[in-house]
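Read the structure below first, then the notes.
Chains as they are written, first to last, in my numbering: chain A, 1 to 321; chain B, 1 to 428.
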């Protein structure tokens, strides 16, 4: 048995006007929480649809739980919460959930037992009121989202794919979702989710992959990605406006690749070959009065902005992620 | 296959459970029954009781002809002639009686008046004036009564016993039209025409009601985004197949209920008509249908439904809103309307060139062929060829629709152009 829950190798998908995903490769270890990050239109949903075998990639291969994702029955071990959520409005909640479970190969009896458990767990069923007997359109939006979430997990899947799970959630449901993701990880499940909300990803994910314009920008464990970017950023504060000498040092491209100049405060991105210690020595040597010189841990958000920038969002793309 | 069954089950049960289905299924036959019986009931009731007999007969013949006419209008010697007023006058006072009668009709105390005079006896001429003078059927009834009364009177003049005259002149003609085909005489012409029409109509109803139902179902899955979840569990092909079969089963159930109640109505028709005080319905036997023909009919039924169901599903997958759906469904609806438009000319002339052509077109064959088959015996090679044509077209439509459905189901936004749809078909 492979220790990877999911592996994409060189996936490319072209649509008529554009390439949605280009040569994307990634590996999701079993039992991990994996974030697929990127701006809208980066190809996240297309990637997920290819993983789910809803659309076929033009080239490349997808391995799910050690098997090609086209293997029969494999999808039954997968749970999927789409970004665009919806349910049959006129259907009774319990019947709808039983239907979703049966589609994943769960027999009616097991499904019924689990539905009751889940409805109680998410407080949709109490001695006073059983929302399972109501029709979907009688439920509030928040309750419908809970039902949808139950539908994703009812067949006890090994791999759970959540597409933008936090969009449209109220804070309470968002917290419930985070708790459930943690529970699922503890139960040994693999969770893959796409999001453009970096804060959530940073807190929840073991590993991430950032995509933009259909291409991978970077991937790895969250700590790995952060430490990789750890020493590259420097916060510099001077007592007064920089002298010409100091300005010349900051403009030296062998040291500094990019600089955000706020007169006395600078955010400096070191050049690939640049050494922060050398920079500090030269600044002090040039007579700069340094108030602050700090190697800052960039947040995932900053890394994302640095790597993707505003240009990462392709214009004119629909919200297909 | 278990998943296909799950989809079929849902499509079937969720539809059968709706109030709409129960109402249409149960009240459909009641409604049609009323539609069929009511006009006959009203006309029979009306003609006998109120309208026709409610006239004044001004009899200036001096031979009692007026009473004879009244008796016949009232339904014979056993009937009730009191509805008709007979006024016997001298020929000289005829004009006066006529003007009185005109006033009475104007004041609505009578519907009209019939004038009988010496000319009626000698030259068989009479005149009628009344509010219903333009109703051909009512005038026909009065004319018939007069005709039969005159005939009776002349026979009695020749010395025949009045009772015998009454018996002899009350002839009720019931002409049974029988149909002759290449294979000999078989069943009644009217019976098989009605049978063929019922089959064609049922299929048409099925396609219109349930084809649109499939369109709505697909559209619902798209607009509510349920499709997103479903396709992560089953392939779109299974989803499409389950939908078409499940909805088809709902339609079949409904048709079965309708056919059963139609059969019950046919079986108990005498009781129903008698209990409504109407003469028993003329007896038209159901046509003898050979088993092979039934097989062919069922095949046309299934293939025709499958063909249109696939087209409607494709339309549903192409669009994202009800307004777009109405527009995009137009071509498919046109194909259907086109079939039903030709139903009447084909029924009138089932051997004509037109009938042959439209039964060769796969889109109209499922509706037209049952009609023709009930009217004439279609050569077996023609039957096989058209069936094969429909089957082939059905397969092609299902194949195309499955591809459109696969791509379209997860596409939102503006309606695709034909070019885009062609690309969907190529790329999936």
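Using N, Cα and C, we set each Cβ at its ideal position, and we do this for glycine too. All of these numbers come straight from a predicted model, not from anything done at the bench.
Run of the beta strand (DSSP E) containing residue i, from where it starts to where it stops
i              : result
residue 208(A) : 207–212
residue 350(B) : Looking at the DSSP string, residue 350(B) is not in any beta strand (DSSP E), and its letter there is neither H nor E.
residue 290(A) : 290–295
residue 36(A)  : 33–37
residue 113(B) : 112–116
residue 233(A) : 233–238
residue 85(B)  : 85–88
residue 13(A)  : 4–14
residue 61(A)  : 59–64
residue 258(A) : 256–262
residue 195(A) : 190–195
residue 102(A) : Taken as a continuous stretch (DSSP letters only), residue 102(A) belongs to no beta strand (DSSP E), being part of the alpha helix (DSSP H) at 93–103.
Enclosing alpha helix (DSSP H) for residue i [first to last residue]
i              : result
residue 311(B) : 291–318
residue 251(B) : 236–267
residue 335(B) : 330–341
residue 119(A) : 108–121
residue 8(B)   : 2–16
residue 217(B) : 212–223
residue 391(B) : 380–408
residue 200(A) : 198–204
residue 226(A) : 222–228
residue 247(A) : 244–250
residue 51(A)  : 44–51
residue 27(A)  : Run containing residue 27(A): none in the alpha helix (DSSP H); it sits in the beta strand (DSSP E), 19–29.
residue 367(B) : 365–375
residue 186(A) : 171–186
CB contact below 7 Å: residue i versus chain A
i              : result
residue 11(B)  : no
residue 231(B) : yes
residue 225(B) : yes
residue 234(B) : yes
residue 3(B)   : yes
residue 386(B) : no
residue 6(B)   : yes
residue 323(B) : no
residue 382(B) : no
Close Cβ partners of residue i (< 7 Å) along its chain, the five nearest in sequence each way excluded
i              : result
residue 152(A) : 79, 80, 81, 160
residue 364(B) : 338, 339, 342, 358
residue 126(B) : 114, 115, 116, 120, 146
residue 293(B) : 373
residue 106(A) : 154, 155
residue 68(B)  : 149, 152, 153
residue 100(B) : none
residue 404(B) : 314, 317, 318, 421, 424, 425
Closer than 7 Å to chain B by CB, residue i
i              : result
residue 80(A)  : yes
residue 54(A)  : yes
residue 86(A)  : yes
residue 6(A)   : no
residue 102(A) : yes
residue 266(A) : no
residue 13(A)  : no
residue 99(A)  : yes
Whole-Å CB distance - residue i paired with residue j, under 8 Å assumed
i              : j              : result
residue 214(B) : residue 247(B) : 5 Å
residue 132(A) : residue 224(B) : The Cβ separation is near 19 Å, so there is no contact.
residue 242(B) : residue 7(B)   : 3 Å
residue 87(B)  : residue 58(B)  : 5 Å
residue 201(A) : residue 10(A)  : Rounded, the Cβ-Cβ distance is 24 Å, inconsistent with contact.
residue 371(B) : residue 346(B) : 5 Å
residue 184(A) : residue 147(A) : The pair is not a contact, with the Cβ atoms about 18 Å apart (cut-off 8 Å).
residue 21(A)  : residue 47(A)  : 6 Å
residue 85(B)  : residue 123(B) : Not confirmed; about 25 Å, so no contact.
residue 255(A) : residue 278(A) : 7 Å
residue 367(B) : residue 304(B) : 7 Å
Cβ neighbours of residue i in the same chain (closer than 8 Å, five flanking residues each side left out)
i              : result
residue 169(B) : 148, 151, 152, 155
residue 31(A)  : 5, 185, 188, 189, 190
Sequence-distant residues of the same chain with beta carbon closer than 6 Å to residue i, five excluded per side
i              : result
residue 26(A)  : 8, 209, 219
residue 89(A)  : 136, 137
residue 14(A)  : 58
residue 119(A) : 125, 132
### Message
If we require 3 or more residues per run, which beta strand (DSSP E) segments fall completely within the region 125–170 of chain B?
### Response
Segments of the beta strand (DSSP E) lying fully in the region 125–170 of chain B: 127–130.
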